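Visitor: This is the structure I want to talk about, given as structure tokens.
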Amino acid sequence: MKKLLSYIPLLLLAMAQGCSSGEEPAVQPPSPQGAISFTIRAPQIPPSRSGGDFTINRIDLLVCDDAERILEKASTVHNGSGTYTAQVTYSNDPRIVHFIANYDWTGWNDELIGKDAREALAGISTTQFTAWKRIELSGGITQQQPFGDTPVEMICNMAKFTLSVQSGLENVSFAIYNYDRGTIATFNPRAEGTDGHVFDENAITVPADAELKVPSLSDFQPMTGGAVFTFERDNASAGNDYSCMIVKGEFSGQTTYYKIDIVNTDEERQDIRRNNSYHINVSNVTNIGHPDIESAIASAADNTNFSLDPSLEVFPSITDGIRKLEVDKNFIVVTEPSQSGNFTATYSVRSGESWGTDNEKMSVSLKPVEGYEAAVSNAVINSSTGHVSVTLHSIPGSGELRSKIVVQVEYDDGITPVRLYRSVTVVVRPNFTFQAWQVGTVPATQGATMHARVMLPGTFPKELLPLEVRFKTANFFPAPANPMRLTIIDQTPAYIYTITERGVAIPLEFLSNRAVSAETMVVMIDYCTPVNMPVSN
């Protein structure tokens, strides 16, 4: 970082000398000096990742005129109770103040005074956690509190990722394959109607010297209580070498790695934005992954090996690590009148090493789904238990109804406004239909092989996978090529196979337990109409 800083002033000076010969307006010397004070509202980092790299330990100010020319740099003093103070030049002229946290200004050169802050900040990249904010003061700086009582909303230069895996994987940790550095500020280098960089808090900004970094084992964070912080990227248009989550765990006792593409419900890759928090929930892992990190990155995404949340949850700001909003279901399908759309939400707050619920902070609202009639007419949350009672519309004769139920926590604790959201999609529709059929005939001998196929429709919701298929049969049992679990349904053996794909015919083999084995095998899948599959000799 110091090497980078050492050439920025020279670069800017050369740029200034290479411009047209028109004279720059003179910059007045700083005088008179006065004190200003302010408070901040900044992203707080969880205790598991606290320390020198992940706490705000200094804030510096760049004071500019209304043309973004740097007039002075001022360091602040923190009084220990949330207020920062700095000595700056008082003036009635309009001012722009850049608040910059955690950046090492070693190598600062007064030759930057009078230069354009848009060029100066655009040229700085960092591998460290920083925060930034730009505020315009049309009336200048003439008093100790030019920003009033409103805290300065600092913008973290990193995004936060967390992960939960419900079952199928042990000793889980994760990392992000992404750029190794980011910028301090966000800007649009091609803003319409301008001839240079324009600061834009909504722009995704990647430094020119950023490189993709393959995570090392030391980069992996434990799933429980852990979080990974990474720099932002325009990931939606990244091409084949996109950023992704790498999950490490033990599947059936064997260490393995998985690649998770960061996608939404429509399988559209999502951008990684600074100052946002992303959570991925895996309800079940069905297959072993890759032997090492590199092969996981080089492979296609393993999303089909997982039962993922229907959407990547993106929160509006970095959470402080002591608040957590959860729902026990993200996607609910109702195909029978006896089924329920109810679910449970939990809002927890950490106190020391333990978590306590604060469900009274939660509320629910209904959100329509474009292109569908509503599936839910009402949703009510129990403020004590977090149980959400859902009133459903009747199952239609054809097609499907959809609604989103948004669980939200919104309040101001006096320090930081809390804004957490989770959405649950509810679908009401008739049963799906699937196919199950015998291939060929079965020889009339004991131990003969019966070949079968089963296929879910391509429109079946991927959010419901993996799913159990139950084969109710008196005359067959699974071949060793596809072992299944045994259960009893209506005093008849039934064998359970887990299906993980839709729109694909899954080949299965059974062996007859008697010479005359012809029968009608009943094949059952949740959310689907059972299929009577004739088996002939």
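Going letter by letter, the sequence shown gives residues -21 to -1, 1 to 516 in mature numbering (1 follows the signal peptide of the UniProt record, and there is no 0). Even glycine gets a Cβ: it sits at the ideal position worked out from N, Cα and C. Small disclaimer: the values here were computed from a predicted structure and weren't measured.
Compare the beta carbon distance of Asp179 and Thr165 with 7 Å and say whether it is the shorter of the two.
Guide: Numbered from 1 along the sequence shown, position 200 holds the residue referred to as residue 179. Numbered from 1 along the sequence shown, position 186 holds the residue referred to as residue 165. It is a contact, given that the beta carbons lie within the stated cut-off.
Visitor: Using a Cβ-Cβ distance under 7 Å, would Tyr221 count as near chain D?
Guide: Absent here is chain D; the protein component of the structure consists of one chain.
Visitor: Looking at C-alpha atoms only, which residue of Arg248, Tyr236 and Asp250 is the closest neighbour of Ser278?
Guide: Your numbering for residue 278 matches position 299 in the sequence shown. Per the Cα distances, Tyr236.
Visitor: Tell me which same chain residues have a C-beta within less than 6 Å of the C-beta of Thr106, skipping the five on either side of it?
Guide: As a working mapping, residue 106 is identified with position 127 in the sequence shown. Hits under 6 Å: Arg160.
Visitor: So, helix, strand or coil for Arg97, using DSSP?
Guide: Translated into positions along the sequence shown, residue 97 becomes position 118. Arg97 falls in the helix class under three-state DSSP.
Visitor: Using CA coordinates, which residue listed in Asn254, Gly335, Lys346 and Ile384 is at the minimum distance from Trp111?
Guide: The sequence position of residue 111 within the sequence shown is 132, counting from 1. Comparing Cα positions, the closest option is Asn254.
Visitor: What runs of the beta strand (DSSP E), each 3 residues or longer, lie entirely inside the segment 73 to 124?
Guide: As far as the segment 73 to 124 is concerned, its whole beta strand (DSSP E) runs of at least 3 residues are 74 to 80 and 110 to 116.
Visitor: Tell me, please, which residues DSSP counts as bridged to Leu371.
Guide: The residue labelled residue 371 in the question sits at position 392 within the sequence shown. In DSSP, Leu371 forms a bridge with Val355.
Visitor: Rounding to the nearest angstrom, what Cα-Cα distance links Lys94 and Val207 in this structure?
Guide: As a first step, residue 94 must be located in the sequence shown, where it is residue number 115. As a first step, residue 207 must be located in the sequence shown, where it is residue number 228. Their backbone Cα atoms lie some 36 Å apart in a straight line.
Visitor: Looking only at its own chain, which residues have a Cβ that is under 8 Å from the Cβ of Asn321, when we skip the five neighbours before and after it?
Guide: Position 342 of the sequence shown, counted from the start, is the residue given in the question as residue 321. So the list reads His366, Val367, Ser368 and Val369, once near-sequence residues are dropped.
Visitor: How is Leu196 classed by DSSP in three states: helix, strand or coil?
Guide: Your numbering for residue 196 matches position 217 in the sequence shown. Three-state DSSP puts Leu196 in a helix.
Visitor: Relative to the C-alpha of residue 587, which candidate in Glu229, Val405, Asp240 and Arg252 has its C-alpha closest?
Guide: Only positions -21 to 516 of the chain appear in this structure, which leaves residue 587 out of reach.
Visitor: DSSP has Asn167 in a bridge; who is on the other side?
Guide: Residue 167 sits at position 188 when you count from the first residue of the sequence shown. BP columns for Asn167 point to Val177.
Visitor: Go to Glu273, then tell me how far its alpha helix (DSSP H) extends in each direction, as first and last residue.
Guide: Along the sequence shown, read from residue 1 onward, the residue named residue 273 stands at position 294. Start and end: Ile272 to Ala277.
Visitor: Would you mind reading off the limits of the beta strand (DSSP E) that contains Ile19?
Guide: Stepping through the sequence shown from its first residue, residue 19 is reached at position 40. Start and end: Gln12 to Arg20.
Visitor: Let me know the secondary structure DSSP gives Asn36 once reduced to three states.
Guide: Position 57 of the sequence shown, counted from the first residue, corresponds to residue 36. It is coil, neither helix nor strand.
Visitor: Check whether the segment 120 to 140 touches the segment 205 to 223, taking contact to mean three or more Cβ pairs, one atom from each stretch, closer than 8 Å.
Guide: Yes, since at least three Cβ pairs between the segment 120 to 140 and the segment 205 to 223 fall closer than 8 Å, the two stretches touch.
Visitor: How would you label Ser344, buried or exposed, when you count the other beta carbons within 10 angstroms and need 16 or more for buried?
Guide: Reading the sequence shown from its first residue, position 365 is the one you call residue 344. Exposed, because fewer than 16 other Cβ atoms sit within 10 Å of the Cβ of Ser344.
Visitor: For Asn157, count neighbouring Cβ atoms within 10 angstroms of its own Cβ and tell me buried if that reaches 16, exposed if not.
Guide: Residue numbering aside, residue 157 sits at position 178 when the sequence shown is read from its first letter. That one is buried.
Visitor: Are Thr314 and Asn181 closer than 7 Å when you measure CB to CB?
Guide: Along the sequence shown, read from residue 1 onward, the residue named residue 314 stands at position 335. Along the sequence shown, read from residue 1 onward, the residue named residue 181 stands at position 202. Result no, Cβ atoms of Thr314 and Asn181 do not sit closer than 7 Å.
Visitor: Beta carbon of Val385, beta carbon of Lys346: below 7 Å?
Guide: Taking the first residue of the sequence shown as 1, we reach residue 385 at position 406. Taking the first residue of the sequence shown as 1, we reach residue 346 at position 367. Contact flag set, yes.
Visitor: Output the distance between the C-alpha atoms of Asn511 and Gly376, rounded to the nearest integer angstrom.
Guide: Here residue 511 corresponds to residue number 532 of the sequence shown, with the count starting at 1. Here residue 376 corresponds to residue number 397 of the sequence shown, with the count starting at 1. Each residue's Cα considered, the two are about 22 Å apart.
Visitor: Just the C-alpha distance for Leu148 and Asn461, rounded to the nearest angstrom, thanks.
Guide: As a first step, residue 148 must be located in the sequence shown, where it is residue number 169. As a first step, residue 461 must be located in the sequence shown, where it is residue number 482. Each residue's alpha carbon lies about 21 Å from the other.
Visitor: Indicate the three-state DSSP secondary structure (helix, strand or coil) for Lys308 in the structure shown.
Guide: Start at 1 with the first residue of the sequence shown, and residue 308 comes out as number 329. Lys308: coil per DSSP, three-state reduction.
Visitor: Exposed or buried, what is Arg401 when buried is set at 16 or more other beta-carbons lying within 10 Å of its beta-carbon?
Guide: Along the sequence shown, read from residue 1 onward, the residue named residue 401 stands at position 422. Arg401 comes out buried.
Visitor: Report yes if the CB atom of Val448 is closer than 7 Å to the CB atom of Tyr476, and no otherwise.
Guide: On the sequence shown, residue 448 is found 469 positions in, with the first residue counted as 1. On the sequence shown, residue 476 is found 497 positions in, with the first residue counted as 1. Yes, they are a contact pair.
Visitor: Please state whether DSSP places Ser319 in a helix, a strand or coil.
Guide: As a working mapping, residue 319 is identified with position 340 in the sequence shown. Of the three classes helix, strand and coil, the one that applies to Ser319 here is coil, per DSSP.
Visitor: With DSSP run on the structure shown, which of helix, strand or coil describes Leu41?
Guide: As a working note, residue 41 is residue 62 in the sequence shown. Strand at Leu41.
Visitor: Which whole-angstrom value is the C-beta distance of Phe210 and Asn88, which I expect to be below 8 Å?
Guide: Working through the sequence shown from its first residue, we reach residue 210 at position 231. Working through the sequence shown from its first residue, we reach residue 88 at position 109. Contact doesn't hold; Cβ gap of about 26 Å is too wide.
Visitor: Should Thr508 be labelled buried (16 or more other beta-carbon atoms within 10 Å of its own) or exposed?
Guide: In the sequence shown, the residue the question calls residue 508 occupies position 529. Exposed: under 16 other Cβ atoms inside 10 Å.
Visitor: Between the alpha carbons of Thr479 and Phe439, how many angstroms are there, rounded?
Guide: Here residue 479 corresponds to residue number 500 of the sequence shown, with the count starting at 1. Here residue 439 corresponds to residue number 460 of the sequence shown, with the count starting at 1. Each residue's alpha carbon lies about 11 Å from the other.
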